[in-house]
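Trainee: Pasting in a structure now, in structure tokens, and then I'll have a few things to ask.
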Amino acid sequence: MLKPYGLVDSDFIISEEEGRHRTKTLQKQLLDIRKEKVLELQQRDEMIAHLKDQLQDMKTKTALERKYVTSCSELQIYQGAKLNSCKENELENEIKQLQEKLELERRNHNEMESYLKEEQLVLGEKLEAWMERYERDMEDKQHELTTRKNNRTSSLAHLQELAKKYRESEQAVIEDRVEKEALRREREKEEMEWAAAIKVQSWWRGCMVRQGLGPYKTGKKPKAKESKKAKDSKKAKKKKKK
Numbered sequence: 012m013l014k015p016y017g018l019v020d021s022d023f024i025i026s027e028e029e030g031r032h033r034t035k036t037l038q039k040q041l042l043d044i045r046k047e048k049v050l051e052l053q054q055r056d057e058m059i060a061h062l063k064d065q066l067q068d069m070k071t072k073t074a075l076e077r078k079y080v081t082s083c084s085e086l087q088i089y090q091g092a093k094l095n096s097c098k099e100n101e102l103e104n105e106i107k108q109l110q111e112k113l114e115l116e117r118r119n120h121n122e123m124e125s126y127l128k129e130e131q132l133v134l135g136e137k138l139e140a141w142m143e144r145y146e147r148d149m150e151d152k153q154h155e156l157t158t159r160k161n162n163r164t165s166s167l168a169h170l171q172e173l174a175k176k177y178r179e180s181e182q183a184v185i186e187d188r189v190e191k192e193a194l195r196r197e198r199e200k201e202e203m204e205w206a207a208a209i210k211v212q213s214w215w216r217g218c219m220v221r222q223g224l225g226p227y228k229t230g231k232k233p234k235a236k237e238s239k240k241a242k243d244s245k246k247a248k249k250k251k252k253k
């Protein structure tokens with residue numbers, strides 16, 4: 012599942028920052044090691060030069076002693092020469108050890124420098140891969156965002172169209188209800204008028220019967236004949252019951 016654009020891939024950004032920080036740290040360490048090794052080499056070169064000077068001084072001193080000290084016995088000369096020879100051997104051994112140690116330090120320095128360069132190269136390749144991945148992810152997220160915006164616009168237009176149709180349908184229903192209500196009131200009015208007319212007719216007929224007017228005069232027994240109004244009254248009553 013793709014993450015939301017506002018939370019775009021925080022682990023990748025952290026790894027990228029750590030890679031950059033690691034690269035800068037290694038570069039600084041490499042520079043510090045170079046400076047330290049150069050300083051050590053200078054110090055050792057100075058020590059070797061100093062020991063060589065001491066050796067040369069000792070050789071010179073020995074030669075002078077051999078040349079100018081003629082009054083010393085052969086034993087003293089031999090002991091002095093042997094002592095100087097031992098001292099020379101010690102100095103030569105010390106110089107040799109220092110040179111070997113210096114060579115070892117140089118090899119270690121070269122190995123460390125090669126390792127740091129290789130590590131820097133690997134980190135550079137990883138950083139480049141991370142940047143490519145970051146760009147691809149950003150493009151994918153941008154494409155996804157654009158698609159969602161387009162879908163949202165399409166959905167909004169569809170909803171607006173549905174809302175318009177709903178309003179039109181609602182207006183039609185309201186108009187139909189208003190029309191039906193008007194018809195209902197009209198029918199009620201007609202029925203009320205018809206009932207009132209029937210009541211008036213019944214009242215008038217009663218008056219004529221009581222007064223003996225018209226066909227209800229005394230002494231005459233007209234054949235019962237249903238009037239048109241009575242028929243209409245019966246029809247109205249039947250219609251009202253329905």
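So for the sequence shown, the numbering used here puts the first residue at 12; every next one is plus one.
Idealized CB from N, CA, C, for every residue including glycine.
#1: Do the CB positions of R45 and E124 come within less than 9 Å of each other?
#2: Report, in whole angstroms, the separation of the C-beta atoms of Q131 and Q40, which I expect to be a contact under 8 Å.
#3: Do you know offhand how far M58's Cα is from K72's?
#4: By DSSP, does K98 sit in helix, in strand, or in coil?
#5: Kindly give me the distance between the Cβ atoms of E146 and K48, rounded to whole angstroms, as I take these residues to be in contact under 8 Å.
#6: On a Cα-Cα basis, can you pick out the residue from G223, Q110, E181 and A174 that is closest to Q54?
#7: Would you tell me roughly how many angstroms separate the C-alpha atoms of L113 and Q153, rounded to the nearest one?
#8: What did DSSP end up calling K35 once you bin it into helix, strand or coil?
#9: K11 by DSSP, collapsed to three states: which one?
#10: Run through DSSP, which three-state label would G223 get?
#11: Taking the Cβ atom as the reference point for each residue, do K128 and E99 lie within a distance shorter than 9 Å?
#12: Return yes when the Cβ of L66 is within less than 9 Å of the Cβ of I106, no when it is not.
#13: Please report how far the alpha carbon of E122 lies from the alpha carbon of D148, in whole angstroms.
#14: Relative to the ligand NAP, is the shortest distance from any of its heavy atoms to the C-beta of W205 smaller than 8 Å?
#15: Less than 9 Å separating the beta-carbons of E27 and L138?
#16: Distance, Cα to Cα, A118 vs K93?
#17: When you compare only the Cα positions, how much space is there between L170 and R195?
Mentor: The structure says:
#1: In the sequence shown, counting from the first residue as 1, residue 45 sits at position 34. In the sequence shown, counting from the first residue as 1, residue 124 sits at position 113. Result yes, Cβ atoms of R45 and E124 sit closer than 9 Å.
#2: As a working mapping, residue 131 is identified with position 120 in the sequence shown. As a working mapping, residue 40 is identified with position 29 in the sequence shown. Actually they do not touch by this definition, with Cβ atoms about 10 Å apart.
#3: Taking the first residue of the sequence shown as 1, we reach residue 58 at position 47. Taking the first residue of the sequence shown as 1, we reach residue 72 at position 61. Those two C-alpha atoms are separated by around 20 Å.
#4: Along the sequence shown, one-based indexing puts residue 98 at 87. Collapsing the DSSP output to three states places K98 in a helix.
#5: Translated into positions along the sequence shown, residue 146 becomes position 135. Translated into positions along the sequence shown, residue 48 becomes position 37. Wrong, their Cβ atoms sit about 40 Å apart, outside the cutoff.
#6: Within the sequence shown, numbered from 1, the residue matching residue 54 stands at position 43. Ranking the options by Cα distance to Q54, first place goes to Q110.
#7: For the purposes of this step, residue 113 is identified with residue 102 of the sequence shown, where counting begins at 1. For the purposes of this step, residue 153 is identified with residue 142 of the sequence shown, where counting begins at 1. Cα to Cα, the separation comes out at about 59 Å.
#8: Taking the sequence shown and counting its residues from 1, one reaches residue 35 at position 24. K35: helix per DSSP, three-state reduction.
#9: In the structure displayed, the chain extends from 12 to 253; residue 11 sits before or after that span and is not available.
#10: The residue you call residue 223 lines up with position 212 of the sequence shown. Three-state result, G223: coil.
#11: For the purposes of this step, residue 128 is identified with residue 117 of the sequence shown, where counting begins at 1. For the purposes of this step, residue 99 is identified with residue 88 of the sequence shown, where counting begins at 1. No; because the gap between Cβ atoms is not below 9 Å, this pair is not in contact.
#12: Counting from one through the sequence shown, the residue named residue 106 turns up at place 95. Counting from one through the sequence shown, the residue named residue 66 turns up at place 55. Yes. Within cutoff.
#13: Residue 122 sits at position 111 when you count from the first residue of the sequence shown. Residue 148 sits at position 137 when you count from the first residue of the sequence shown. Using only the alpha carbons, I get a separation of about 38 Å.
#14: Inclusion of the ligand NAP in the displayed structure is not the case, the ligand content being empty and no account of it being possible.
#15: Reading the sequence shown from its first residue, position 16 is the one you call residue 27. Reading the sequence shown from its first residue, position 127 is the one you call residue 138. In this structure, L138 lies closer than 9 Å to E27 by Cβ.
#16: Indexing the sequence shown from 1 puts residue 118 at position 107. Indexing the sequence shown from 1 puts residue 93 at position 82. One point to set straight first is that residue 118 is Arg, not Ala, in the sequence displayed. Rounded to whole angstroms, R118 to K93 spans 37 Å at the Cα level.
#17: Within the sequence shown, the letter at position 159 stands for residue 170. Within the sequence shown, the letter at position 184 stands for residue 195. Looking at the two C-alpha atoms, the distance is approximately 37 Å.
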